[in-house]
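Asks: Each residue of the sequence shown is one higher than the one before, starting from 4 at the first, in this note's numbering. Beta carbons: idealized from backbone N, C-alpha and C, even for Gly. What follows is a single structure, and I will ask about it in a moment.
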Amino acid sequence: MSLLGIYARVLGELGPERRLGLLLAIANIALAGAAFAEPMLFGALIDRLTSLQTAGTRPGWSDINVLLAAWVGFGLFNIAAGVFVALFADRLAHRRRLAVMANYFEHALTLPLAYHTQTHSGRVLKVMLEGTSGMWALWLSFFREHCASFVALFILLPFTLWKNWQLGLVLIFLVVLFGTLTAFVLRKTDKLQSNVEAYHSSLAERASDALGNVPVIQSFTRIEAEVRGLRNTITSLLEAQIPVLTWWAVATVATRASATLTVLSIFVVGTWLLMQGLTTVGEIVTFMGFATMLVGRLEQIVSFVNFIFMQAPKMREFFEVLDTLPAVRDQPGASDAGRLVGAIAFDDVSFSYDGKRAAVADVSFEVRPGETIAIVGSTGSGKSTTLGLLHRAFDPQSGRILADGRDIREISLLSLRRNIGVVFQEPMLFARSIRENLTVGKPDATDAEMMEALDRAQATEVMARQSDGLDTIVG
Ligand SMILES: Nc1ncnc2c1ncn2[C@@H]1O[C@H](COP(=O)(O)OP(=O)(O)OP(=O)(O)O)[C@@H](O)[C@H]1O
Ligand SMILES: [Mg+2]
Numbered sequence: 004m005s006l007l008g009i010y011a012r013v014l015g016e017l018g019p020e021r022r023l024g025l026l027l028a029i030a031n032i033a034l035a036g037a038a039f040a041e042p043m044l045f046g047a048l049i050d051r052l053t054s055l056q057t058a059g060t061r062p063g064w065s066d067i068n069v070l071l072a073a074w075v076g077f078g079l080f081n082i083a084a085g086v087f088v089a090l091f092a093d094r095l096a097h098r099r100r101l102a103v104m105a106n107y108f109e110h111a112l113t114l115p116l117a118y119h120t121q122t123h124s125g126r127v128l129k130v131m132l133e134g135t136s137g138m139w140a141l142w143l144s145f146f147r148e149h150c151a152s153f154v155a156l157f158i159l160l161p162f163t164l165w166k167n168w169q170l171g172l173v174l175i176f177l178v179v180l181f182g183t184l185t186a187f188v189l190r191k192t193d194k195l196q197s198n199v200e201a202y203h204s205s206l207a208e209r210a211s212d213a214l215g216n217v218p219v220i221q222s223f224t225r226i227e228a229e230v231r232g233l234r235n236t237i238t239s240l241l242e243a244q245i246p247v248l249t250w251w252a253v254a255t256v257a258t259r260a261s262a263t264l265t266v267l268s269i270f271v272v273g274t275w276l277l278m279q280g281l282t283t284v285g286e287i288v289t290f291m292g293f294a295t296m297l298v299g300r301l302e303q304i305v306s307f308v309n310f311i312f313m314q315a316p317k318m319r320e321f322f323e324v325l326d327t328l329p330a331v332r333d334q335p336g337a338s339d340a341g342r343l344v345g346a347i348a349f350d351d352v353s354f355s356y357d358g359k360r361a362a363v364a365d366v367s368f369e370v371r372p373g374e375t376i377a378i379v380g381s382t383g384s385g386k387s388t389t390l391g392l393l394h395r396a397f398d399p400q401s402g403r404i405l406a407d408g409r410d411i412r413e414i415s416l417l418s419l420r421r422n423i424g425v426v427f428q429e430p431m432l433f434a435r436s437i438r439e440n441l442t443v444g445k446p447d448a449t450d451a452e453m454m455e456a457l458d459r460a461q462a463t464e465v466m467a468r469q470s471d472g473l474d475t476i477v478g
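What follows is the structure in structure tokens.
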């Protein structure tokens, strides 16, 4: 996804708030227009005063009061539109950030187990937090400043040609020059920054992996090795980051220097034009105002481009996750199976995780309702995979699985899984109360049923020691 593509996609994520976004953009356009009006009014005032002076008349308030009133009017409008933009841009950005985060969370939970075993949870979480905060900052800065800056540069800049084409050309030339410089730096560093982001992701992965396995690390005295591993990643990350920073420092300094250069050029060319009788003092003043403003805008745009450029890989990762389709989905027309009797048949089922090595090959067996069976085999022989296929953690590449005579792919996922209880090989607990952990299996379980379940798991004694009973937090 290109930078522009990402930018458009992020703005597209405004979703139901697009109308407010549009209103803010319009307010920004008005603000950009008003910003141009001020130097024009100032220049017109100077011209009025100087022409009165050269005509030998003493200027009075009545000569300039219309221009002054217009100036005050634009000032007031600036304040009102500015308040509107600042207030609503903030709210919009906060609301959308949390809404997008909720969508991502839901989407990540529906992604297949195969995805989650390949992608570390630390990475999925990092991508969620960084992606959404990047988007938040982008929305905020777009609606607060950058929309107006783009309008100023791309629409109003050509308008200066109409005011005075010679001075307008000087301005356009300088803006194009610095724009090209920025684009050059951008090209140079695009790939480099993607590498940096890859290091950031593996940093998150490593750290959360280690923090999730503290008991193993401590009992095997691996602390030193883990820290060393993390430090190595940090060193590589910094090595990749520093050239990018240098290029951007060059771009920032060049843009600063351009402020002086632009104002000076306008003054020199303006004075020369004045000597030729091709302009007025007021026009020079107006263009000095334009120049200062445009350089300010250009600086903002450069820092904004720098910002989205740094954030782009994060958002790219975010959209990649969002665009990953769950492999296991309801087929069109999948129906609710209701309560299944429990006749299960595997019919020549094969499945491979990587498409190369079979995890389960040509498995066929039948289980009658009420029957208890055990699948026995050495480690890695495919027992867990077989059961995963039954509740559709993944679908077989060939063969089919029947429940009560129906292919399980024709049954809605929700109703299939409602009919199946899974006890995992490794215990997994949510860091929530015992009650909440037990209701994962049966949402409407009564306290008595929970106590019975605990009794069967021989956990009554442990329970008796908890002061908060079922509300004790575990995990
Ligand atoms: N998420 C995964 N991604 C890729 N390969 C996997 C994945 N899970 C299991 N495998 C591979 O599939 C094969 C079957 O694994 P499975 O976990 O089903 O075996 P198992 O019989 O349950 O083993 P164990 O007795 O150790 O629990 C193994 O070769 C294993 O390496
Ligand atoms: Mg297993």
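Return helix, strand or coil for Ser470, following the three-state DSSP convention.
Replies: As a working note, residue 470 is residue 467 in the sequence shown. Note: Ser470 maps to coil in three-state DSSP.
Asks: Rounded to a whole number of angstroms, what is the C-alpha to C-alpha distance between Ala467 and Arg459?
Replies: As a working mapping, residue 467 is identified with position 464 in the sequence shown. As a working mapping, residue 459 is identified with position 456 in the sequence shown. Whole-angstrom Cα-Cα distance: 14 Å.
Asks: For the alpha helix (DSSP H) that Phe223 lies in, which residues bound it at each end?
Replies: Residue mapping note: residue 223 aligns to position 220 of the sequence shown, counting from 1. Looking at the DSSP string, Phe223 is not in any alpha helix (DSSP H), and its letter there is neither H nor E.
Asks: To the nearest angstrom, how far is the alpha carbon of Phe176 from that of Thr265?
Replies: Residue 176 sits at position 173 when you count from the first residue of the sequence shown. Residue 265 sits at position 262 when you count from the first residue of the sequence shown. Each residue's Cα considered, the two are about 10 Å apart.
Asks: Hey, is Lys359 close to ligand 1, as in C-beta under 6 Å from one of its heavy atoms?
Replies: As a first step, residue 359 must be located in the sequence shown, where it is residue number 356. Because no heavy atom of ligand 1 lies under 6 Å away, the Cβ of Lys359 does not count as near it: no.
Asks: Quick check: the Cα distance between Ile32 and Gly171, rounded to an integer number of angstroms?
Replies: As a working mapping, residue 32 is identified with position 29 in the sequence shown. As a working mapping, residue 171 is identified with position 168 in the sequence shown. Whole-angstrom Cα-Cα distance: 20 Å.
Asks: State yes or no: is the C-beta of Pro42 within less than 7 Å of the C-beta of Phe293?
Replies: Within the sequence shown, the letter at position 39 stands for residue 42. Within the sequence shown, the letter at position 290 stands for residue 293. Yes, these two residues count as a Cβ contact at 7 Å.
Asks: Tell me the DSSP secondary structure of Ser306 in three-state form.
Replies: As a position in the sequence shown, residue 306 is number 303, starting the count at 1. In the structure shown, Ser306 sits in a helix (DSSP, three-state: H, G or I).
Asks: Could you check what DSSP says for Glu20 in three-state terms: helix, strand or coil?
Replies: Here the question's residue 20 lines up with position 17 in the sequence shown. Three-state result, Glu20: helix.
Asks: Identify every run of the alpha helix (DSSP H) within the region 132 to 204, keeping only runs that are complete inside it and at least 4 residues long; order them along the chain.
Replies: Those alpha helix (DSSP H) runs which fall completely within the region 132 to 204 and span 4+ residues are 150 to 154, 160 to 166.
Asks: With a CB to CB cut of under 6 Å and the five nearest residues on each side skipped, what residues in its chain are close to Phe349?
Replies: Mapped onto the sequence shown, residue 349 falls at position 346. So the qualifying residues of the chain are Val366, Ser367, Phe368, Ile404.
Asks: Could you check whether Arg300 and Leu156 sit closer than 7 Å to each other, using their CB atoms as the reference points?
Replies: Here residue 156 is taken as the residue at index 153 of the sequence shown, counted from 1. Here residue 300 is taken as the residue at index 297 of the sequence shown, counted from 1. Cβ distance < 7 Å, so Leu156 and Arg300 count as in contact.
Asks: Quick one: grab the DSSP three-state call for Ser332.
Replies: Stepping through the sequence shown from its first residue, residue 332 is reached at position 329. Checking the displayed sequence, the identity of residue 332 turns out to be Arg instead of Ser. Note: Arg332 maps to coil in three-state DSSP.
Asks: Within 10 angstroms of the Cβ of Pro316, are there 16 or more other Cβ atoms? Answer buried if so, exposed if not.
Replies: Taking the sequence shown and counting its residues from 1, the one referred to as residue 316 is at position 313. So Pro316 counts as buried.
Asks: Between the alpha carbons of Ala396 and Arg234, how many angstroms are there, rounded?
Replies: As a working note, residue 396 is residue 393 in the sequence shown. As a working note, residue 234 is residue 231 in the sequence shown. When rounded, the distance between both Cα atoms is 37 Å.
Asks: Is any heavy atom in ligand 2 found nearer than 6 Å to the beta carbon of Gln196?
Replies: Residue mapping note: residue 196 aligns to position 193 of the sequence shown, counting from 1. Not so, every heavy atom of ligand 2 lies at least 6 Å from the Cβ.
Asks: Mapping the DSSP letters down to three states, classify Val379 as helix, strand or coil.
Replies: The count along the sequence shown starts at 1 and reaches residue 379 at position 376. Coil, per DSSP.
Asks: Return the residue from the list His97, Val344, Ala451 that minimises the CA-CA distance to Leu419.
Replies: Position 416 of the sequence shown, counting from 1, holds the residue named residue 419. Nearest C-alpha to Leu419: Val344.
Asks: Once DSSP output is grouped into helix, strand and coil, what is the label at Gly63?
Replies: What you label residue 63 is simply residue 60 of the sequence shown in a count that begins at 1. In this structure, Gly63 counts as coil in the three-state DSSP scheme.
Asks: Mark Ala228 as exposed unless 16 or more other C-beta atoms lie within 10 angstroms of its C-beta, in which case mark it buried.
Replies: For this step, residue 228 is matched to residue 225 along the sequence shown. Exposed.
Asks: Give the range of the beta strand (DSSP E) segment to which Arg459 is assigned.
Replies: Here residue 459 refers to the residue found at position 456 of the sequence shown. Unbroken run through Arg459 is the alpha helix (DSSP H), 450 to 459; no beta strand (DSSP E).
Asks: Rounded to whole angstroms, how far is the Cβ of His123 from the Cβ of Ser211, which I believe are closer than 8 Å?
Replies: Here residue 123 is taken as the residue at index 120 of the sequence shown, counted from 1. Here residue 211 is taken as the residue at index 208 of the sequence shown, counted from 1. At roughly 7 Å, the Cβ-Cβ gap stays under 8 Å, so His123 and Ser211 are in contact.
Asks: Specify the secondary structure class of Leu405 as computed by DSSP and reduced to three states.
Replies: For the purposes of this step, residue 405 is identified with residue 402 of the sequence shown, where counting begins at 1. Looking at Leu405 - three-state DSSP - the assignment turns out to be strand.
Asks: Flag this pair as yes or no: are the beta carbons of Val13 and Met104 separated by less than 7 Å?
Replies: Counted from its first residue, the sequence shown places residue 13 at position 10. Counted from its first residue, the sequence shown places residue 104 at position 101. It is not a contact, given that the beta carbons lie outside the stated cut-off.
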